[in-house]
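Participant: One line per chain: the protein sequences are U and E, in this order.
My numbering puts the first residue of the first sequence at 492, with every later residue one more than the last.
My numbering puts the first residue of the second sequence at 248, with every later residue one more than the last.
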Amino acid sequence: MNKKTFLLILSAAAAVWAIDGPEILRKMDVNRTWKSVVSTAKMEIIIDDEVRVKAMEISGLSEGNRSLVRFTNPEDEGTKYLMLGDDLWIYFPEENDVVKISGHMLKEGMMGSDVSYEDALEADRLSEKYGVAITGGETYNGNDCHVLTLTAKVKDAPYYKRVMWVEKKRFIAWKEESFAKSGKKLKVAKVLEVKEIGKIWYPVKVEMVNMLRKNSRTVFTTESISLDKPLDAGTFTMRNLRR
Amino acid sequence: MSFILSMAWRNIGRNRRRTLLAVISVTLSIMLVVFMKAFVTGFVDSMVRNYTRHESGHIRITTKRFAERSKLLPVDDNVTSPDSLITVVRGLPEVGPKIVFAAERFMFGVLMNNNGNNKPAMAIAGDPQQEKELSMLYKSLLPGGKYCEGPREMIMGGKLAGILNYTPGDTVGVMCKGADDALRFRKFHLTGLFKTNINSIDERVFQIGIDDARALLRTGTDAQQIVLFIDNYRDADAFAAAITSALGDTVLSVQSWTETGPYYQLVKMSDTIYNWLYGIIALLGAFIISNIMMMVVLERRKEIGILKSMGMKQREILALFLTEGVMMGVIGSVGGVLLGTVVNGVLSVVGIDFSKMMSGLTLPMDNVIYPQPDLFSAIQMFLVGTAVASLVALLPSRQAAKMNAVEAIKSV
């Protein structure tokens, strides 16, 4: 085998084994795949010099995209969010009543944070809603990353375009910028800390900045988490929401 | 001079039909102008009254950050210790005695829902007893309704209730963003419906007590705005400046109603446009005097020649014809002012109903407009009529005065 043939075979093999955009999305989706999640978390909403802290308990089942969030900080004690598929209900304990959130209200910040209800509801695999292209490679925070550009291929995608800095080794999206169709930057999310849970790299500390708000950012910290523990499906019902 | 007056008086009576035509023309135009002026005043006053009562007050005190974003009615930039601030403002010697009402208020957007009917609406929240005096919502309550005086009580526009299928006695859920920017929800007991005949209010406004608003929005004892009502809204600019100067450099913004909404610009613009329009209408009405005077001068050329040859001076001829024009103008203007005042007097009681025309408008205007006649405007319009009549009579009078006596006598 001469040198030329060897190089040809090597480049052909490289072409076969080179990872493409959809494959990266698939591997990222693996990092978001679990049967169930039970966690406690806090959300620090920082506006100018003021910090508002929201504490919560989260339970979630992947099957049917069901989750229940119960706020535990004194001001919002007992407020619950129930997400079933694409639907969201909020239970207001002072009124002992439930309100369904829909339409443009889903774009509002959750508990006044930079994270919208729509962001929180997002559970679909990225590959189902976005077309993807590798548009570069960069080192971000010391991690060798692919730069992916995702463009919505369905109307109900929350953002028209998303640019992600995805680590080549562990497929963690360390940074994400989301854009409107007009090109306006809407959100910037940065993963500040990840934790390995089984085979999954879970982002336990994320900072989100809503670019449409002035001097505001939200840091979401998962304080404790356990994955794939059995959960009662009755947790995610309207009856339990009012309980 | 008296002989000129008596000659002019006799001359305008020589062809009574023609004089009557000129006088009627001036009368109609001045009557129209008098009516229009009173109508526009009534229209503007209705807009200012409704706007200041329900939105801005005559003077509004808010934080500067609220003032910058006031169109969005934010609830997260509020005035702290509003009661102390009211005490300070009431204590100002040049402003305090003129304050009729000082009220703490919240105004904010909400979303209402009833069995799938979603509707954005606007809450007005203040002290129920004060708002009773101030706002027209209480006065516009439909029979059978009760005012919202207790906790969790609400009154809403009849049209808004119709859209959402609510009737008095129902429980109404209100959702909005609170001071912490989080979604908040509170239930109210609908005690009554109001009908103000202002579509922008009847279709989207409801009223609750300020304590309920504070509980819903989680604002503590703060107030979004303090609205001041003074005895004459036209003094608002000067008083707002006085309060600003007394408060010094603070986070607060003190604004007169002329600064807080688009309506003042509209009022100013309409004032200019209408003043021009009044002049044009008066000119058109008086123009017939000019035509008639031209004919009179041509008809009376021989007479002018004889008067001149008998020694009447050029300026006396000018004065004679001018006096005839002015007399017709004065009679027409007096008639116009009198007729206009009578029409306005009747309509200021009966009103003009624009309900059908205004069904799609969102301006804060009453559906029934009551013209507002006033003596000053009547005198003003009389002077305009007389001045314009004199102006249009000047040209033919000068023509008469400049005639050559011999040629005038020779003319056929």
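Every residue, glycine too, gets a C-beta built ideally from N, C-alpha and C.
Measure the CB-CB distance between alanine 285(E) and glutamine 627(E) and report whether it falls below 8 Å.
Facilitator: Position 38 of the second sequence holds residue 285(E). Position 380 of the second sequence holds residue 627(E). No, these two residues do not count as a Cβ contact at 8 Å.
Participant: Whole angstroms are fine: how far does the CA of lysine 646(U) sit from the CA of valine 697(U)?
Facilitator: As a first step, residue 697(U) is located in the first sequence; it is residue number 206 there, counting from the start. As a first step, residue 646(U) is located in the first sequence; it is residue number 155 there, counting from the start. Distance between the alpha carbons of valine 697(U) and lysine 646(U) is about 27 Å.
Participant: With a threshold of 8 Å between beta carbons, is aspartate 428(E) in contact with chain U?
Facilitator: On the second sequence, residue 428(E) is found 181 positions in, with the first residue counted as 1. Yes, its Cβ sits closer than 8 Å to a Cβ of chain U.
Participant: Where are the alpha helix (DSSP H) runs, 4 residues long or more, that stay fully inside the segment 413 to 452 of chain E, in chain order?
Facilitator: Listed in chain order, the complete alpha helix (DSSP H) runs (minimum 4 residues) inside the segment 413 to 452 of chain E are 446 to 449.
Participant: Does glycine 416(E) have its Cβ less than 8 Å from a Cβ in chain U?
Facilitator: On the second sequence, residue 416(E) is found 169 positions in, with the first residue counted as 1. Output row for glycine 416(E): interface = no.
Participant: Where does lysine 676(U) sit, in a helix, a strand or coil, going by DSSP?
Facilitator: One-based indexing of the first sequence puts residue 676(U) at position 185. Reduced to three states, the DSSP call for lysine 676(U) is strand.
Participant: Anything in chain U within Cβ reach of glycine 420(E), meaning under 8 Å, just list it in chain order.
Facilitator: Counting from 1 along the second sequence, the entry for residue 420(E) is found at position 173. Within 8 Å Cβ-Cβ: Glu586, Asp588, Val590.
Participant: In three-state terms, what does DSSP make of glutamate 737(U)?
Facilitator: Within the shown structure, residues of chain U are numbered from 492 to 734, placing residue 737(U) beyond reach of any answer.
Participant: Under 7 Å Cβ to Cβ from threonine 726(U), same chain only, skipping five residues before and after it: list those, please.
Facilitator: Reading the first sequence from its first residue, position 235 is the one you call residue 726(U). Correct list, in chain order: Ser550, Leu559.
Participant: Figure out for me which residue from Asn361(E), Val291(E), Met401(E) has the closest Cα to the Cα of leucine 513(E).
Facilitator: As a first step, residue 513(E) is located in the second sequence; it is residue number 266 there, counting from the start. The shortest C-alpha separation from leucine 513(E) is found at Val291(E).
Participant: Bridge partners of valine 596(E), per DSSP?
Facilitator: Numbered from 1 along the second sequence, position 349 holds the residue referred to as residue 596(E). Valine 596(E) pairs with nothing; no bridge assigned.
Participant: Report yes if the C-beta distance between cysteine 636(U) and lysine 672(U) is below 8 Å; otherwise report no.
Facilitator: For the purposes of this step, residue 636(U) is identified with residue 145 of the first sequence, where counting begins at 1. For the purposes of this step, residue 672(U) is identified with residue 181 of the first sequence, where counting begins at 1. No, they are not a contact pair.
Participant: Quick check on DSSP: helix, strand or coil for glutamate 585(U)?
Facilitator: As a first step, residue 585(U) is located in the first sequence; it is residue number 94 there, counting from the start. Reduced to three states, the DSSP call for glutamate 585(U) is coil.
Participant: For a contact meaning CB atoms closer than 8 Å, what does glutamate 698(U) contact in chain E?
Facilitator: Position 207 of the first sequence holds residue 698(U). Ordered by position in chain E, no residue passes the 8 Å Cβ test against glutamate 698(U), which lies about 18 Å from the chain.
Participant: Taking only beta carbons into account, state which residues of the segment 535 to 555 of chain U come closer than 9 Å to chain E, listed in chain order.
Facilitator: Hits within the stretch, in order: Ile536, Ile538, Arg543, Lys545.
Participant: What are the residues of the segment 571 to 585 of chain U that lie near chain E, defined by any Cβ-Cβ distance shorter than 8 Å?
Facilitator: Flagged, chain order: Ile581, Phe583, Glu585.
Participant: Of all Cβ atoms in chain E, is any one closer than 8 Å to the Cβ of glycine 600(U)?
Facilitator: The residue you call residue 600(U) lines up with position 109 of the first sequence. Output row for glycine 600(U): interface = yes.
Participant: Just the Cα atoms here: how many angstroms apart are alanine 255(E) and methionine 540(E)?
Facilitator: Working through the second sequence from its first residue, we reach residue 255(E) at position 8. Working through the second sequence from its first residue, we reach residue 540(E) at position 293. Each residue's alpha carbon lies about 12 Å from the other.
Participant: Could you give the DSSP three-state label for glutamine 619(E): helix, strand or coil?
Facilitator: Taking the first residue of the second sequence as position 1, residue 619(E) is located at position 372. In the structure shown, glutamine 619(E) sits in coil (DSSP, three-state: anything other than H, G, I, E or B).
Participant: Helix, strand or coil for leucine 650(U)? Go by DSSP, reduced to three states.
Facilitator: Residue numbering aside, residue 650(U) sits at position 159 when the first sequence is read from its first letter. The residue you asked about is not leucine; residue 650(U) is tyrosine in the sequence shown. Coil, per DSSP.
Participant: Spatial neighbours of threonine 309(E) within its chain, please: CB distance less than 6 Å, with the 5 preceding and 5 following residues excluded, ordered by chain position.
Facilitator: Position 62 of the second sequence holds residue 309(E). Excluding residues within five positions, the ones whose Cβ falls inside 6 Å are Gln472, Ser500.
Participant: Specify, as a first and last residue, the run of the beta strand (DSSP E) that leucine 339(E) falls within.
Facilitator: Stepping through the second sequence from its first residue, residue 339(E) is reached at position 92. Looking at the DSSP string, leucine 339(E) is not in any beta strand (DSSP E), and its letter there is neither H nor E.
Participant: Can a CB atom of chain E be found closer than 8 Å to the CB of glycine 603(U)?
Facilitator: Position 112 of the first sequence, counting from 1, holds the residue named residue 603(U). Output row for glycine 603(U): interface = yes.
Participant: For alanine 269(E), tell me which candidate among Ile333(E), Ala648(E), Ala636(E), Leu565(E) has the shortest Cα-Cα distance.
Facilitator: For the purposes of this step, residue 269(E) is taken as the residue at position 22 of the second sequence. Looking at the Cα atoms, Ala636(E) is the closest of the given residues.
Participant: Pull up the DSSP beta-bridge partners for tryptophan 692(U), would you.
Facilitator: Translated into the one-based positions of the first sequence, residue 692(U) becomes position 201. Paired residue(s): Glu687(U).
Participant: Might you give, ordered along the chain, the residues of its own chain that have their beta carbon closer than 7 Å to the beta carbon of valine 498(E), omitting 5 neighbours on each side?
Facilitator: The residue labelled residue 498(E) in the question sits at position 251 within the second sequence. Excluding positions up to five away in sequence, the list reads Thr310, Lys311.
Participant: Since glycine 572(E) and serine 644(E) should fall inside the 8 Å C-beta cutoff, what is the C-beta to C-beta distance between them, to a whole number of angstroms?
Facilitator: To locate residue 572(E), count along the second sequence from 1; it is residue 325. To locate residue 644(E), count along the second sequence from 1; it is residue 397. About 7 Å; that satisfies the 8 Å criterion.
Participant: Apart from the five residues on each side of it in sequence, which residues of its chain come closer than 8 Å, Cβ to Cβ, to leucine 677(U)?
Facilitator: Taking the first residue of the first sequence as 1, we reach residue 677(U) at position 186. Cβ neighbours of leucine 677(U) beyond the five flanking positions: Tyr650, Ser669, Phe670, Ala671, Asn701, Met702, Leu703.
Participant: Using 8 Å as the threshold, is the segment 461 to 471 of chain E in touch with the segment 264 to 281 of chain E, meaning 3 or more CB pairs across them?
Facilitator: They do not touch, by the three-pair rule.
Participant: Pick helix, strand or coil for alanine 504(U), following the three-state DSSP scheme.
Facilitator: To locate residue 504(U), count along the first sequence from 1; it is residue 13. Model confidence at alanine 504(U) stands at a pLDDT of 44, short of 50, so the residue's coordinates are unreliable; what they give is reported in the following sentence. Alanine 504(U): helix per DSSP, three-state reduction.
Participant: Roughly how many angstroms separate the alpha carbons of leucine 585(E) and leucine 545(E), rounded to a whole number?
Facilitator: Here residue 585(E) is taken as the residue at index 338 of the second sequence, counted from 1. Here residue 545(E) is taken as the residue at index 298 of the second sequence, counted from 1. Between leucine 585(E) and leucine 545(E), the C-alpha separation is close to 33 Å.
Participant: Report, in whole angstroms, the separation of the C-beta atoms of phenylalanine 711(U) and valine 542(U), which I expect to be a contact under 8 Å.
Facilitator: Your numbering for residue 711(U) matches position 220 in the first sequence. Your numbering for residue 542(U) matches position 51 in the first sequence. No, phenylalanine 711(U) and valine 542(U) are not in contact; Cβ-Cβ is about 13 Å, not under 8 Å.
Participant: Excluding sequence positions up to five away, which residues of its chain have a Cβ less than 6 Å from the Cβ of glycine 425(E)?
Facilitator: Working through the second sequence from its first residue, we reach residue 425(E) at position 178. So the list reads Arg431, Leu464, Arg465, once near-sequence residues are dropped.
Participant: Taking contact to mean 3 or more Cβ pairs, one atom from each stretch, closer than 8 Å, check whether the segment 414 to 422 of chain E and the segment 434 to 451 of chain E are in contact.
Facilitator: Taking 8 Å as the limit for Cβ pairs, the verdict is that the segment 434 to 451 of chain E does touch the segment 414 to 422 of chain E.
Participant: Can you tell me where the alpha helix (DSSP H) with glutamate 541(U) in it begins and where it stops?
Facilitator: If you number the first sequence from 1, residue 541(U) lands on position 50. Counting along the chain, glutamate 541(U) falls outside any alpha helix (DSSP H), though it belongs to the beta strand (DSSP E) covering 541 to 552.
Participant: Determine the burial state of threonine 626(U): buried for a count of at least 16 other Cβ atoms within 10 Å of its Cβ, exposed for fewer.
Facilitator: Against the first sequence, residue 626(U) aligns to sequence position 135. Per the 10 Å Cβ criterion, exposed.
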